[in-house]
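Protein chains: 2
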Amino acid sequence: MENYVPFLVSHWRTVGLISVSIAAGVALGQLNQTHERAANKSQRVHTNSSIKAKQVKRESAIEQINEIEDDDEQSLEDQDVLPILFQYEKPSEADSIRRSEEFYRRMNQRRSVREISSDPVALEVIENIIKTGGTSPSGAHTEPWTFVVVSNLEMKQQIRQIIEAEEEINYKQRMGDVWVQDLQPVGTTWVKEYLTEAPWLILIFKQVHGFKRNGQKKIHYYNEISVSIATGFLLAAIQEAGLVTVTTTPLNCGPSIRVLLGRPVNEKLLLLLPVGYPKVGATVPDFKRKPLHDIMVHYQ
Amino acid sequence: MENYVPFLVSHWRTVGLISVSIAAGVALGQLNQTHERAANKSQRVHTNSSIKAKQVKRESAIEQINEIEDDDEQSLEDQDVLPILFQYEKPSEADSIRRSEEFYRRMNQRRSVREISSDPVALEVIENIIKTGGTSPSGAHTEPWTFVVVSNLEMKQQIRQIIEAEEEINYKQRMGDVWVQDLQPVGTTWVKEYLTEAPWLILIFKQVHGFKRNGQKKIHYYNEISVSIATGFLLAAIQEAGLVTVTTTPLNCGPSIRVLLGRPVNEKLLLLLPVGYPKVGATVPDFKRKPLHDIMVHYQ
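Read top to bottom, the protein sequences are chains A and B. First residue of the first sequence? That's 1 in this note's numbering, and the numbers climb one at a time after it. First residue of the second sequence? That's 1 in this note's numbering, and the numbers climb one at a time after it.
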């Protein structure tokens with residue numbers, strides 16, 4: 001993602017350094033070189049100076065370095081951030097329409113499902129799902145996410161215990177005795193069976209900051225937005241794999257679960273997804289989605 | 001999404017009402033009825049009391065209503081939120097692995113591209129992309145998003161003007177005269193050509209609150225997380241359609257752009273995506289993504 005303003009605030013020295021370097025490169029007279037993409041297709045030409053010059057002409061230096069992973073000044077030497085050709089095959093318009101329509105249909109079948117079967121799901125599928133989450137864009141290419149996947153039953157039980165204890169307190173405090181008694185026939189409503197029944201729990205942590213090489217904190221701008229966008233990719237991947245989940249936000253339990261899982265203090269629990277196949281006969285509430293004209297406004 | 005705590009705080013009356021209704025239903029003795037999914041497959045049986053009873057047994061009432069669209073008490077009568085069978089075909093394990101692998105490969109080809117061609121893109125593709133964004137889960141099923149799509153050149157020019165003016169101020173204030181002069185050969189670095197060259201701009205607004213029927217504000221919990229997750233689905237859809245974009249966060253320009261587009265005050269600009277085909281020969285920085293072992297931790 002591009003961070004229009006905060007990036008400049010904190011990175012002005014780096015921006016300056018890179019800017020001067022680029023300006024020097026441009027001054028070498030590479031400005032008018034052109035480049036034929038076809039000749040270099042499927043070739044990763046890191047050292048092609050004509051591409052670099054073109055890149056400099058077309059893009060601003062600020063945009064260009066907005067995806068640098070590390071704002072250490074040293075990182076410029078160590079990291080290979082030269083421009084490369086974007087690998088791409090342009091589809092026909094008919095293909096674009098068909099593919100976008102098919103993807104919409106597949107995603108539109110997704111529902112939040114709480115009745116998750118304990119049938120096993122292969123680790124390979126979970127790994128593909130996490131890898132897909134990791135393809136998301138992020139502010140300044142910080143990739144500020146940690147996906148903790150839990151298949152260990154004892155660990156799942158401890159997570160369930162933490163969440164249900166919190167839920168029970170809230171439930172009893174907020175609802176009052178009358179409601180609690182009335183609900184006795186229904187069962188304990190703070191029970192979250194899916195937390196132990198689902199073969200996998202995916203706990204999504206946002207890294208609120210990283211670390212520079214000198215040990216100082218490195219701020220991760222927009223880390224919550226970045227990790228939430230990555231969760232969108234991850235949920236799409238769960239749907240593509242034919243699995244189900246329910247997106248939950250156990251925020252008050254975050255610190256306890258973080259300690260339980262041994263995650264560092266710069267990581268905060270954002271979302272928890274129980275993942276598996278649905279139980280046979282699973283039901284969902286009969287909610288409708290807003291129609292297109294309620295969510296889209298077109299200035300034509 | 002499930003909102004474990006805040007939901008209860010604000011919805012206790014609704015929760016109570018529904019809880020009592022459900023408890024009454026359970027008391028009618030439907031608890032032990034069972035239901036064969038196969039018999040009812042592909043049938044939307046809203047009035048099947050056995051499904052309702054099963055739903056009550058398996059799920060907590062609180063979870064069940066966490067996706068209700070409107071927290072008006074009246075909404076219970078007007079809205080059809082009875083449980084229905086989840087429509088689902090279980091894939092083989094081999095299919096799950098193959099599909100998750102293929103989706104990962106397609107998403108892993110996505111890159112943020114700033115060199116966007118002015119070639120037209122069919123409205124139908126954009127509509128499918130927006131519809132896909134609208135399939136995302138959201139806190140209490142509030143669907144707190146508005147996608148403004150702009151193809152009008154004059155409007156794109158005005159948006160570009162607002163963003164570039166802000167960028168120029170930041171640029172000149174932060175960088176100092178030396179850097180600005182050094183960058184003259186490169187061109188004005190606050191220029192965002194893609195804002196007018198791309199055939200479409202998608203401006204993603206979060207609705208920070210909605211309105212109840214009596215005109216009072218209805219808080220949208222987790223609206224930023226919900227809209228960011230929806231953006232993940234939307235970016236995946238852009239990739240599936242064979243289009244490109246760059247995810248930008250023009251936060252300081254939000255109020256001006258909101259007024260320009262005539263959006264109400266409860267909507268805040270979260271992200272702006274220029275969408276189109278890449279220019280021929282477009283380049284991207286040679287960044288790598290973190291490997292799986294850096295983003296995933298497995299408790300087995």
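Glycine is no exception: its CB is placed at the ideal position from the N, C-alpha and C atoms.
Rounded distance between the beta-carbons of residue j and residue i, thought under 8 Å
i       : j       : result
P264(A) : V113(A) : Not confirmed; about 32 Å, so no contact.
P250(B) : I163(B) : 5 Å
P83(A)  : T283(B) : 4 Å
V227(A) : P137(A) : So it is not a contact: roughly 11 Å between Cβ atoms.
A198(B) : G133(B) : About 17 Å; that fails the 8 Å criterion.
I229(B) : G139(A) : Not confirmed; about 16 Å, so no contact.
Q300(A) : S151(B) : 5 Å
A122(A) : E93(B)  : 6 Å
Helix, strand or coil at residue i according to DSSP, with G and I counted as helix
i       : result
P255(B) : helix
S112(A) : strand
T283(B) : strand
F103(A) : helix
T146(A) : strand
E124(A) : helix
H220(A) : coil
V191(B) : coil
G242(B) : coil
Q207(A) : strand
V227(A) : helix
E166(A) : helix
G262(B) : coil
T249(B) : strand
L292(B) : helix
Y171(B) : helix
E93(A)  : helix
K212(A) : coil
L269(B) : strand
G276(A) : strand
L82(B)  : coil
V297(A) : strand
Where residue i meets chain B, residues with beta-carbon distance less than 7 Å
i       : result
F147(A) : I295 and M296
E93(A)  : A122
P199(A) : Ordered by position in chain B, no residue passes the 7 Å Cβ test against P199(A), which lies about 11 Å from the chain.
L195(A) : None at all; the shortest Cβ gap to chain B is about 12 Å.
A230(A) : G232
Contacting residues, own chain, Cβ-Cβ under 7 Å from residue i (five flanking each side not counted)
i       : result
S302(A) : The structure shown does not extend to residue 302(A), since chain A is modelled only from 1 to 300, so the question has no answer here.
G254(B) : K268 and L269
T135(A) : F233
Contacts that residue i makes with chain A (C-beta to C-beta distance below 7 Å)
i       : result
T135(B) : M107, N108, R110 and R289
H141(B) : F287
R99(B)  : E240, A241 and G242
Q300(B) : S151 and N152
F103(B) : T132, A237 and E240
Where residue i meets chain B, residues with beta-carbon distance less than 9 Å
i       : result
V113(A) : F86 and Y88
Own chain partners of residue i with C-beta closer than 8 Å, once the 5 adjacent residues on each side are dropped
i       : result
Q158(A) : L260
A241(A) : V125, N128 and I129
D286(B) : none
Q239(B) : R106, M107, Q109 and R110
P91(A)  : R99
Own chain residues within Cβ distance below 6 Å of residue i, not counting five before or after
i       : result
H46(B)  : Model confidence at H46(B) stands at a pLDDT of 36, short of 50, so the residue's coordinates are unreliable; what they give is reported in the following sentence. L82.
V142(B) : The displayed chain sequence assigns Thr, not Val, to residue 142(B). These residues qualify, in order along the chain: H220.
E224(B) : K206
L243(B) : V275
V148(B) : L203 and L261
L272(B) : L203, T248 and P250
A23(B)  : In this prediction, A23(B) scores a pLDDT of 45, lower than 50, which makes its location untrustworthy; the coordinate-derived value is nonetheless stated afterwards. Cβ within range, chain order: n/a, list empty.
T146(B) : F205 and E267
Chain B contact residues for residue i, given Cβ-Cβ distances below 8 Å
i       : result
S256(A) : Ordered by position in chain B, no residue passes the 8 Å Cβ test against S256(A), which lies about 13 Å from the chain.
P83(A)  : T283, V284, P285 and D286
Contact list for residue i against chain A, beta-carbon separation under 9 Å
i       : result
E224(B) : E224, I225 and S228
Residue i Cβ short of 7 Å to the ligand MG heavy atom set
i       : result
I159(A) : What this structure holds is no ligand at all, so the ligand MG is not there to describe.
Scan the segment 118-132 of chain B for residues whose Cβ lies nearer than 9 Å to a Cβ of chain D and list them as they occur along the chain. This model lacks chain D altogether, as its protein chains are A and B.
Pull out every residue of the segment 263-283 of chain B whose Cβ sits closer than 7 Å to any Cβ of chain A, in chain order. Residues of the segment 263-283 of chain B with a C-beta atom less than 7 Å from some C-beta of chain A are Y277, P278, V280, G281, A282 and T283, listed in chain order.
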